[in-house]
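Reading through the structure tokens given below for one structure.
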Amino acid sequence: MFLLLCTAVLRITGEFTLTEEMNFQQYEVCIEVAAEAQAWGIEPSLAVAIAYEESRFHVDRVSRAGARGPMQVIPKWWCPNRSAEDCDFLFAGMKALDYYTFRYDLPEALARYNGGRYRRTSPSYHYARRVMRLQKKLELFQEADSRLQDMVLDMLPTPEPLPPSVQE
12 MFLLLCTAVL RITGEFTLTE EMNFQQYEVC IEVAAEAQAW GIEPSLAVAI
62 AYEESRFHVD RVSRAGARGP MQVIPKWWCP NRSAEDCDFL FAGMKALDYY
112 TFRYDLPEAL ARYNGGRYRR TSPSYHYARR VMRLQKKLEL FQEADSRLQD
162 MVLDMLPTPE PLPPSVQE
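Using this note's numbering, the first residue of the sequence shown is number 12, and each one after it goes up by one.
Following this line, the structure appears as structure tokens:
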């Protein structure tokens with residue numbers, strides 16, 4: 012279901028090649044991110060854009076600040092036991108994203124997710140803008156795909172209903 016979305020993000024960002032094993036791992040993580048986002052009621056394209064910006068879909072990435080996982084969350088803030096041990100970083104990332112998007116408009120929520128504020132002089136401002144730009148591209152890609160699918164379905168002949176004797 013999310014294969015197209017994940018192909019789009021890797022194509023848009025120029026990281027898609029058929030020769031690299033890493034692409035398959037990135038696909039798997041991307042699909043997990045999109046599915047978890049949908050389960051949380053979060054737009055999958057937003058979560059995918061964040062995970063791409065944060066980690067390029069690398070589950071083992073650790074930042075200098077101690078952020079971990081594909082969504083780059085700080086364990087002391089978002090993990091149940093406040094440590095990286097036994098933390099589901101994808102779940103923790105969705106919990107953080109859900110928290111911020113509930114309380115703030117999208118640009119401010121993304122800046123706060125990144126640890127800052129949405130001010131022109133803040134690195135978090137530029138982070139939020141990159142995420143929103145990528146999300147917009149992904150949404151346009153999904154919309155185009157949906158339209159193409161609808162066009163193909165409209166071109167297919169409508170099957171004739173079965174006679175009542177065959178339906179039983």
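For every residue, glycine included, the Cβ atom is placed at its ideal position computed from N, Cα and C.
What residue from the options has the CA that sits closest to residue i's CA?
{"i": "A46", "options": "L21, V70, L101 and C90", "result": "L101"}
{"i": "Q36", "options": "P81, A95, E54 and A60", "result": "P81"}
{"i": "P118", "options": "G25, I85 and K147", "result": "K147"}
{"i": "Y110", "options": "R131, W88, V73 and Y38", "result": "W88"}
{"i": "Y124", "options": "A48, T24 and I61", "result": "I61"}
{"i": "T24", "options": "G126, R67, I42 and E54", "result": "R67"}
Would you list the residues sitting across from residue i in a DSSP beta bridge?
{"i": "V73", "result": "R79"}
Whole angstroms are fine: how far does the CA of residue j sit from the CA of residue i?
{"i": "D99", "j": "C90", "result": "7 Å"}
{"i": "Y63", "j": "R141", "result": "10 Å"}
{"i": "L15", "j": "S135", "result": "29 Å"}
{"i": "L159", "j": "L149", "result": "15 Å"}
{"i": "L145", "j": "R22", "result": "11 Å"}
{"i": "V40", "j": "D71", "result": "11 Å"}
{"i": "L167", "j": "A19", "result": "26 Å"}
{"i": "A107", "j": "D116", "result": "14 Å"}
{"i": "M143", "j": "L57", "result": "8 Å"}
{"i": "E171", "j": "R79", "result": "55 Å"}
{"i": "V59", "j": "E65", "result": "10 Å"}
{"i": "A95", "j": "R128", "result": "25 Å"}
Go to residue i, then tell me how far its alpha helix (DSSP H) extends in each direction, as first and last residue.
{"i": "E65", "result": "P55 to S66"}
{"i": "V84", "result": "No alpha helix (DSSP H) holds V84; DSSP gives it neither H nor E."}
{"i": "C17", "result": "L14 to I23"}
{"i": "L101", "result": "F100 to R114"}
{"i": "E119", "result": "L117 to Y124"}
For residue i, is the classification buried or exposed, using 16 other Cβ atoms within 10 angstroms of its Cβ as the cut-off for buried?
{"i": "N92", "result": "exposed"}
{"i": "E154", "result": "exposed"}
{"i": "L222", "result": "Nothing can be reported for residue 222, as the shown portion of the chain is limited to 12 through 179."}
{"i": "V163", "result": "exposed"}
{"i": "F113", "result": "exposed"}
{"i": "A50", "result": "exposed"}
{"i": "V73", "result": "exposed"}
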